[in-house]
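Novice: Sequential numbering from 128 applies to the sequence shown in this note's numbering.
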Amino acid sequence: MTGPAVPLRVAVWTTGNVVRQAVRAIDARADLELVGAYAWSPDKAGVDVGRLCGLDRDLGVPATGDVDELLGRRPDVIVHSPLHVDVAELARLLRAGVDVVTTAELVTGTNLGPDALAELRAAAVEGGATLFGSGMNPGYAQLLAAVSAGISAGVEHVGVSESVDVSQFVGDANFEAMGWGRPRDDAGHAEDVEAGSAVFAEAVELLGRLLGVQLEDIRCEVTFAHATEDVHLPSMVIERDHVAGMDVVWTGHVVDGAGGDREVVAVRQRWLASTRIDPPWTVEHGYLVEVTGDPNLRLRLEIWPTEADLADLTVATMHSIGMRITALPVVNAIPAVHAAAPGIVTYADLPVITSPLRP
Ligand SMILES: NC(=O)c1ccc[n+]([C@@H]2O[C@H](COP(=O)([O-])OP(=O)(O)OC[C@H]3O[C@@H](n4cnc5c(N)ncnc54)[C@H](OP(=O)(O)O)[C@@H]3O)[C@@H](O)[C@H]2O)c1
């Protein structure tokens, strides 16, 4: 690989689950140099980011809670993984001329609303900076689905499913809104899941953009499965007959030639917190792309631990693999995002992004 002669200066925003993996990836690349870290937690300020991210060594980069100090380290790009997007904060980074690659609830930005989107666009243009959002899903999963369709003609429908056991993740802060363990038929639960998973509407929009289709409508359908016995998880207990499985399907629709509604893309999440559930759903333990066209296509993406991870296959290791496949799509996109025109970009605007081979 031929990278830039001078490495791109990269800072990270927080040192949570995703950034812990991003820092390892940045540290391993000669074309990226870690120069700063923003700490949301006051007690992390001044602590070396290597230690904060669980490495056994310092990286010579202390975290700071002061955004001016972070910007003073002159990052070209920030790997941004806060718990939730703060539009004003994000606009400040862009206006300062720093490109941002984020895993946080932002792919096209539509969910933020027109005012926030306009504010981010203006900040990016003013600062000459680029904003890009991805992750495994939403993000890379839609890219994979769209690319998969590239060997088929007359494509009618493209769907991608995340079909996974989330029993180790249900306690994560970003999963809180889903209401794992709520009672059967709890009023408003489906609506809460729809609101909590609204970023997948942006995933549908992205898939539509990649396939060159203008969607008329985006919808969500939520179905629950319930525990057939009490389920004891590391982070919580789900009682019998309470929610322990979710099927969350976001779909994109067009108006067909006869004026009728036609579903053309789907982004499905089948999440199981236990196998002892009713209905007895199963999961694929990965990602499934299905293309209806000529020919029809089915692609299953499996994620396997490395030998090193297998030697220490703890719950924490499995969790870290999930976070690695979230962090790498944005870390690997850094050079392309830095080279892109100012504004908010998606995979539909960038060249093919892959991962550099180990030197
Ligand atoms: N697209 C995908 O595939 C995908 C997958 C997983 C996650 N995500 C998204 O990626 C982002 C980061 O996920 P994560 O698992 O890394 O998050 P996390 O570790 O739970 O939290 C990230 C950081 O947020 C800060 N934080 C903690 N509590 C907070 C609070 N109450 N209010 C505001 N900030 C708080 C902390 O920053 P400090 O470390 O600085 O103290 C924490 O490290 C989330 O927005 C998540 O939804 C995307």
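Each residue gets a CB set at the ideal place from its N, CA and C atoms; glycine is no exception.
Buried or exposed for Arg-184, please, with buried defined as at least 16 other CB atoms from any protein chain shown within 10 angstroms of its CB.
Specialist: exposed
Novice: Is there contact between the stretch 400 to 411 and the stretch 248 to 263, where contact requires at least three CB pairs shorter than 8 Å?
Specialist: As far as the Cβ criterion goes, the stretch 400 to 411 does not touch the stretch 248 to 263, which means the pair count is below three.
Novice: Taking only three categories from DSSP, how would you classify Ser-401?
Specialist: coil
Novice: DSSP three-state label for Leu-186, please.
Specialist: coil
Novice: For a test of your reading of the model: does the CB of Leu-210 fall under 7 Å from any non-hydrogen atom of ligand 1? Yes or no.
Specialist: yes
Novice: Under a three-way DSSP split, which group does Leu-489 fall into?
Specialist: The question about residue 489 has no answer, for the chain in this structure spans 128 to 486.
Novice: With a threshold of 7 Å (Cβ to nearest heavy atom), would Trp-167 be considered close to ligand 1?
Specialist: yes
Novice: Closer than 8 Å is the cut-off here; do at least three beta carbon pairs connect the stretch 438 to 458 with the stretch 304 to 313?
Specialist: no
Novice: Have a look at Gly-384, Val-381, Gly-387 and Trp-377 and flag the residue whose alpha-carbon is nearest the alpha-carbon of Ala-393.
Specialist: Per the Cα distances, Trp-377.
Novice: Starting from the C-beta of Glu-348, find all residues in its chain whose C-beta is less than 7 Å away, skip the five residues before and the five after it, and write them out in chain order.
Specialist: Excluding residues up to 5 positions away in sequence, Val-376 lie with their Cβ nearer than 7 Å to the Cβ of Glu-348 in the same chain.
Novice: What is the residue span of the beta strand (DSSP E) that Thr-257 lies within?
Specialist: 257 to 260
Novice: Counting pairs of beta carbons, one from the stretch 288 to 307 and one from the stretch 355 to 364, are three or more of them closer than 8 Å?
Specialist: yes
Novice: Sort Arg-151, Gly-163, Ala-190 and Ala-157 by Cα distance to Pro-169 and report the nearest one.
Specialist: Ala-190
Novice: Give a yes or no on whether the C-beta atoms belonging to Glu-366 and His-380 are separated by under 8 Å.
Specialist: no
Novice: So, at 7 Å on beta carbons, what are the nonlocal neighbours of Asp-421 in its own chain, with the 5 sequence-adjacent residues on each side left out?
Specialist: Ser-279, Ala-280 and Gly-281
Novice: Grab me the residues of Arg-200's own chain with a C-beta within less than 6 Å of its C-beta, minus the 5 sequence neighbours each way, in chain order.
Specialist: So the qualifying residues of the chain are Val-162 and Gly-163.
Novice: I'd like the span of the alpha helix (DSSP H) that includes Glu-321, first residue to last.
Specialist: 316 to 323
Novice: Taking 7 Å as the cut-off, does the CB of Met-263 come closer than this to any heavy atom belonging to ligand 1?
Specialist: Yes, the Cβ of Met-263 comes within 7 Å of a heavy atom of ligand 1.
Novice: With Leu-338 and Val-285 assumed to form a contact (beta carbons below 8 Å), what rounded beta-carbon distance in angstroms separates them?
Specialist: 6 Å
Novice: For the candidate residues Leu-426, Ala-352, Gly-413 and Asp-242, whose alpha-carbon lies nearest to that of Ala-317?
Specialist: Ala-352
Novice: Determine the direct distance from the alpha carbon of Phe-302 to that of Val-214, and round the result to whole angstroms.
Specialist: 21 Å
Novice: May I have the straight-line CA-CA distance separating Val-457 from Thr-355, to the nearest angstrom?
Specialist: 39 Å
Novice: Residues in the same chain with beta-carbon distance under 6 Å from Met-128, minus the five sequence neighbours each way, listed in chain order, please.
Specialist: Legend: pLDDT at Met-128 = 47, less than 50; position of this residue unreliable, no value from coordinates given.
Novice: For the beta strand (DSSP E) that contains Ile-471, what are its first and last residues?
Specialist: Run containing Ile-471: 470 to 472, per the beta strand (DSSP E) assignment.
Novice: Note down, one range per segment and in chain order, each beta strand (DSSP E) of at least 3 residues found wholly within the stretch 267 to 300.
Specialist: 280 to 292
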